[in-house]
Each structure stands twice: as C-alpha cells, then as structure tokens.
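A.B. asks: For reference, the structure I am asking about is given below.
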Amino acid sequence: MKLKSIIAASMTVLALGAFIAPIQVNAENTFSKQTLMLASNQIHHGVGTVTAIDSKAKKIELKHGPIKSIGWMGMKMFFVVDDAELLDEVEVGDKVDFEFIETGGKRYVITNIEVQ
Ligand SMILES: [Cu+2]
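Going by our numbering, the sequence shown opens with residue 8, and the numbers climb by one from there.
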C-alpha cells in the first residue's frame, strides 16, 4: 500500500513536470522572439493595398509600392502580424499605410497598419 502511494506520488510529479515543461519552452521562445525584434531595430514604412487577409494564420497580403529603406520594388507579398487584432482594422481592397520590421528568417512582421 505504501509503495503504491509512492508510485502514485511519483506519477503526479512526472505528469506535473510534463505539464510545466512546455510552458517554460514557450516562455523562452517568446523571449528570444522579443530579443530578435529588438535586434532588428529598423522600422520600415510602406503604402499599399490589402489583397488578402488570413486572420487564423495571422497573415496579410499587400500589394505595396517601393520601400527604399529595405531595397524593395513594388510587389505583392505576405506579411505576418504578432497581434491578430491588427487585422480587424482592415479589409481586402483598403489602401493602407503600414509599418513593419524584419525579424530572423526573412520574416516580415507588421507592427502597425492604418487605412488611408
Ligand atoms: Cu515586398
């Protein structure tokens, strides 16, 4: 009986450990992402038209004009947002001003977007 209690207690500790571990990993991921965002100090400004929105994937497609600060010609491309609520402000067809940063892995994150 006593051994059973010890086993049960051990199982609880193991289960708790498995539960806590992913939270710690997430906390680290969030930290490194913020560090990356701080490291890429430059905010780029662009003007464009919204061509598609995928709120679930936190993505927005824009047909944007030239953006000198990052050496881009005008093009149609996807950006991501960290905060999906930014996408509630816009609709397909809207002309927008937007700001974004480049994070690691050629990931372009919109930090602000406003309908013109
Ligand atoms: Cu582009």
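Backbone N, C-alpha and C define an ideal beta-carbon position, used for all residues, glycine too.
A quick note: this is a predicted structure, and the numbers were derived from the prediction, not measured.
State buried or exposed for I120, treating a residue as buried only when at least 16 other CB atoms are found within 10 Å of its CB.
C.D. replies: Translated into positions along the sequence shown, residue 120 becomes position 113. When all chains shown are included, I120 counts as buried.
A.B. asks: Can you give me the start and stop residues for the beta strand (DSSP E) that I50 sits inside?
C.D. replies: For this step, residue 50 is matched to residue 43 along the sequence shown. Premise fails: I50 is in no beta strand (DSSP E) and is neither H nor E.
A.B. asks: Quick check on E92: does DSSP put it in helix, strand or coil?
C.D. replies: Here residue 92 refers to the residue found at position 85 of the sequence shown. Correct three-state label for E92: helix.
A.B. asks: Which residue's Cα is closest to the Cα of G100: H51, I50, T58?
C.D. replies: As a working note, residue 100 is residue 93 in the sequence shown. Answer by Cα proximity: T58.
A.B. asks: Using CA coordinates, which residue listed in I108, V87, L69, G112 is at the minimum distance from S62?
C.D. replies: In the sequence shown, residue 62 corresponds to position 55, counting from 1. Per the Cα distances, V87.
A.B. asks: Less than 8 Å between the C-beta atoms of M80 and L69, yes or no?
C.D. replies: As a position in the sequence shown, residue 80 is number 73, starting the count at 1. As a position in the sequence shown, residue 69 is number 62, starting the count at 1. No, Cβ-Cβ distance for M80 and L69 is not below 8 Å.
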